[in-house]
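Those letters in the sequence shown? Residues 58 to 139, per my numbering, in order.
Glycine included, each C-beta is placed from N, C-alpha and C at the ideal position.
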Amino acid sequence: MTTLIAVYNSDGLVGRCDEKCHNAKEPDCDCICGGANHGVGFKQAQKNTKKMTEKELRKNLPAGQESARVKINDFKTLFDMA
C-alpha cells in the first residue's frame, strides 16, 4: 500500500494518507489529509500532498529563512502483490 504522508509523535503513528484515501470510491474516510486527497487518484494526491506540506513548512520556518521546498519521490510499482 502506497503511503503519501504519515505523521508520528513520540507515541507512534498519529495518522497517514494512503491509497485507501486517494483511490477511495466511498464518500468519506478519516485521513490525515483532511479529505484533500480523497478519491483523486495517486498523481493528484502527490501534488496535493506536496502543496500541503510546503504550506505547513512555510508557516514554521526558522527566523531568517524565506523559503522551503518539498521533494516527493516518484514511486513506481514493480509488480502487483494482489
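Scanning Asn94, Pro119, Gln122 for the CA closest to the CA of Met109 turns up Asn94. In this structure, the beta-carbon distance from Lys100 to Cys86 does not fall below 8 Å. In the three-state reduction of the DSSP assignment, Asn66 falls in the strand class. The beta carbons of Lys82 and Gly96 sit about 7 Å from each other, so the pair counts as a contact at 8 Å. For Leu118, the secondary structure class from DSSP, reduced to helix, strand or coil, is coil. Counting C-beta atoms within 10 angstroms of its own C-beta, Gln103 has 16 or more neighbours from the protein chains shown and is therefore classed as buried. Under the 10 Å beta carbon count, Asn117 is surrounded by fewer than 16 other beta carbons and is classified as exposed.
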